[in-house]
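To start, the structure under review is shown below, and the notes come after it.
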Amino acid sequence: MIIDFHTHIFGPDVRDRRDDYARRDPAFAEMYSDPKAKIATADDLLASMDAAGVDVCVALGFAWRDDDDVSRHNDYLLEAAARSKGRFVPFTTVNMASAAAESEIARCVAAGARGLGELRPDSQGWDLNGGEGERLAAGAREHGLILLVHVTEEGG
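Throughout the sequence shown, residue numbering follows this note's numbering, covering 1 to 156 in sequence.
Have a look at this one:
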C-alpha cells in the first residue's frame, strides 16, 4: 500500500477566488497568490493518486487565520474524505488563537477528523510553546489525534 502523508486540497471556491483569499490571509497569499501555484481540489488529488498508484493520502487543512475560513475548509476536507471511500484521511485545521478552537476540534472529530494539521503557529498568531500550544496538545490527547505542525521557515 502506498500512502502519501502530506497533501493539501482546497474547495473549488478557493481555487476560483484565489485573489480574494490571498487578500484576506497573508500566509495563503505568500504560497498561492502566484497563478502558477497549483491549487488542487479533491477530484484533482484523486486523479493524481490514480495516475501515480497512490492508495491513500492524508489530506491536510490550511492554517487559516479567520475562523470562517477554518470551518469552511474543514467542512470541505471532511466531506471529501467521506466521499473518497477511505482514500483520504482528513486532518483538519484550527487556529489556537481563536476562542472557538476547542469547539472546532470537537466538531471535526465528531465528523471524522483523524488529526490536526497543517498548523502554522507563526502565521496564525499563536505560540506553540505557550498556553495555546498546551491547549492544542490537550485537545489532541483528549481526542486521540495526530498533530502536524509546520515549525521551520516562515515562507513555506
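Where a beta carbon is used, it is the ideal one built from N, C-alpha and C, also for glycine. From a predicted model like this one, the values you see are computed outputs, not experimental measurements.
Residue i lies in the beta strand (DSSP E); which residues open and close that run?
i              : result
isoleucine 146 : 146-149
leucine 60     : 56-60
Would you mind giving the Cβ-Cβ distance between residue i and residue j, rounded to the nearest angstrom? I have them listed as a contact below 8 Å.
i             : j            : result
alanine 59    : threonine 7  : 6 Å
leucine 147   : glycine 115  : 7 Å
isoleucine 39 : arginine 65  : Contact doesn't hold; Cβ gap of about 18 Å is too wide.
asparagine 74 : cysteine 108 : 5 Å
alanine 81    : glycine 117  : Alanine 81 to glycine 117, Cβ: 14 Å. No contact.
Exposed or buried, which one is residue i when buried takes at least 16 other CB atoms within 10 Å?
i             : result
aspartate 25  : buried
serine 123    : buried
isoleucine 9  : buried
glutamate 104 : buried
proline 90    : buried
With DSSP run on the structure shown, which of helix, strand or coil describes residue i?
i             : result
glycine 86    : coil
leucine 128   : coil
aspartate 162 : Lying before the first or after the last residue shown, residue 162 is absent from the chain, which here runs from 1 to 156.
alanine 52    : helix
alanine 138   : helix
glycine 133   : helix
alanine 63    : coil
alanine 40    : coil
Starting from residue i, trace the alpha helix (DSSP H) in both directions and tell me its first and last residue.
i            : result
aspartate 4  : Per DSSP, aspartate 4 belongs to no alpha helix (DSSP H); it is in the beta strand (DSSP E), 3-8.
aspartate 25 : Looking at the DSSP string, aspartate 25 is not in any alpha helix (DSSP H), and its letter there is neither H nor E.
serine 33    : Run containing serine 33: none; DSSP gives neither H nor E here.
**Request:** Tell me the start and end of each unbroken alpha helix (DSSP H) in the segment 71-122 that is at least 4 residues and wholly inside, in chain order.
**Result:** 101-110
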